[in-house]
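A.B. asks: Residue 182 in the numbering used here sits at position 182 of the sequence shown; the count goes up by one each step and never skips.
Backbone N, C-alpha and C define an ideal beta-carbon position, used for all residues, glycine too.
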Amino acid sequence: MSRGIMRKHYREHRFLRSDHRPDFSHIIREREGEIAMIASKPVVTARKTTPIINGVKTMFERGFRRLPIVDSRMRLCGIVTAMDIINYFGGGNYYKIITEKHNGSFYSALYEPMESIMTKDVVSAYIGERISSVLEKMAKNNVGGVPVITKDGRVYGIVTERDILNHISDVRIDRKISEIMTRNVITISQDATIIDAERLMIKFGFRRLPVVEGGKVVGIIVAMDIIRYFGSKEVFNYIVEGKIQEVLSVKVSKIMAQDLVIINPKSTITDAVKLMNKKNVGALLVTKRGKLEGIVTEKDIVYALAFE
């Protein structure tokens with residue numbers, strides 16, 4: 001089902017000095033500024049009492065992987081990510097809520113409040129913070145995006161790896177993809193089930209799993225594919241008795257993407273950024289003569305550009 005051994009925590013700590021502070025590249029130093037100028041806004045949010053199914057639908061309809069949870073005054077209370085949803089619907093410890101509280105009922109589980117799976121201790125940034133400070137927070141806490149808040153805690157915007165990449169990617173970088181890509185990629189078979197994919201995602205901390213058969217890549221399944229599955233009418237095609245197991249036993253091949261966006265390991269970082277922007281994707285499969293060599297993500301590129 002998978003190959004290679006990869007730590008769950010990302011390799012960002014290689015960018016930190018012994019005092020746990022990063023060495024920023026000239027690219028970041030030359031493009032320094034307040035984080036508010038690159039943050040995405042307005043932000044789509046949810047409440048603690050919002051049913052999980054509503055959050056799922058918002059994510060897949062709007063293409064967001066993160067939903068800040070706010071109170072009636074728009075003050076930040078928590079955050080729910082796509083990986084929290086994956087965790088809840090079979091991938092991790094949150095699944096116990098479905099099996100124990102909802103007795104395995106898929107229908108009942110859909111209406112669990114977002115508060116049950118939200119992260120309360122949110123990594124966030126203040127409007128006036130510098131880009132370098134926020135990037136340091138993201139690296140240290142291994143998060144791909146942070147809400148931007150006002151002094152009184154109200155959500156102003158959100159900044160992600162893509163926002164930072166768009167801000168710094170105008171410089172031509174001729175470093176090869178092979179130098180920054182993740183090797184020994186965790187993969188999965190198309191005959192594996194959705195719950196198999198979810199468990200791998202949670203175990204290893206990766207949102208993307210290339211689907212490999214006979215040594216060749218035949219597709220990819222990402223966290224948002226599973227989110228779309230849960231939030232669409234398609235999921236009800238597999239339900240007979242209303243049990244969550246019926247939904248999770250569907251094979252990966254039913255929801256994986258087959259339109260692959262690939263790049264050669266000899267291509268440059270600049271080539272990768274252009275291809276990501278053209279295809280509107282956050283990761284590229286790195287292949288050589290049809291064989292998977294690795295994967296390169298927005299995070300890989302941001303860190304390669306931002307840190308010495």
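For MET1, which residues in the same chain have their Cβ closer than 7 Å to its Cβ, ignoring the five residues on either side in sequence?
C.D. replies: Reliability fails at MET1, whose pLDDT of 49 lies under 50, so the model's placement of it is uncertain and no value is given.
A.B. asks: Go ahead and label ARG3 buried or exposed: buried means 16 or more other beta carbons lie within 10 angstroms of its beta carbon, across all protein chains shown.
C.D. replies: Residue confidence for ARG3 is low, a pLDDT of 44 falling below 50, so the modelled location carries little weight; the figure read from the coordinates is stated next. Per the 10 Å Cβ criterion, exposed.
A.B. asks: Determine whether the beta carbon atoms of TYR314 and VAL43 lie at a separation below 9 Å.
C.D. replies: Outside the shown range of the chain (1 to 308) lies residue 314, about which nothing can therefore be said.
A.B. asks: Where GLU34 and HIS26 are concerned, what is the direct C-alpha to C-alpha distance, given to the nearest angstrom?
C.D. replies: Computed Cα separation, rounded: 17 Å.
A.B. asks: Could you tell me whether the region 262 to 270 touches the region 116 to 123, where touching means 3 or more Cβ pairs closer than 8 Å?
C.D. replies: With the cut-off at 8 Å, the region 262 to 270 and the region 116 to 123 do not touch.
A.B. asks: Report the residue ranges of all alpha helix (DSSP H) runs contained in full by the region 103 to 151; include only those spanning at least 4 residues, in chain order.
C.D. replies: Counting only runs of 4 or more, we get 106 to 109 and 131 to 141.
A.B. asks: If you count every other CB in all the chains shown that lies within 10 Å of the CB of ILE5, and 16 or more means buried, which is it?
C.D. replies: With a pLDDT of 36 at ILE5, under the threshold of 50, the predicted position of this residue should be treated as unreliable, and no value is reported.
A.B. asks: Between which two residues does the beta strand (DSSP E) carrying ILE221 extend?
C.D. replies: Counting along the chain, the beta strand (DSSP E) containing ILE221 begins and ends at 216 to 222.
A.B. asks: Distance check for ALA257 and VAL148, CA to CA, integer angstroms please.
C.D. replies: Each residue's Cα considered, the two are about 32 Å apart.
A.B. asks: Is it buried or exposed for MET224, if we count other Cβ within 10 angstroms and need 16 for buried?
C.D. replies: Classification of MET224: buried, given that the 10 Å Cβ count is 16 or more.
A.B. asks: Can the beta-carbon of ILE301 be found closer than 9 Å to that of VAL273?
C.D. replies: Closer than 9 Å, so yes.
A.B. asks: Using alpha carbons as the reference points, say which of ALA283, VAL218, ALA306 and ASN87 lies closest to ILE226.
C.D. replies: For ILE226, the nearest C-alpha among the options comes from ASN87.
A.B. asks: Can you give me the C-alpha to C-alpha distance between GLY231 and MET181, rounded to a whole angstrom?
C.D. replies: Roughly 32 Å between the two C-alpha positions.
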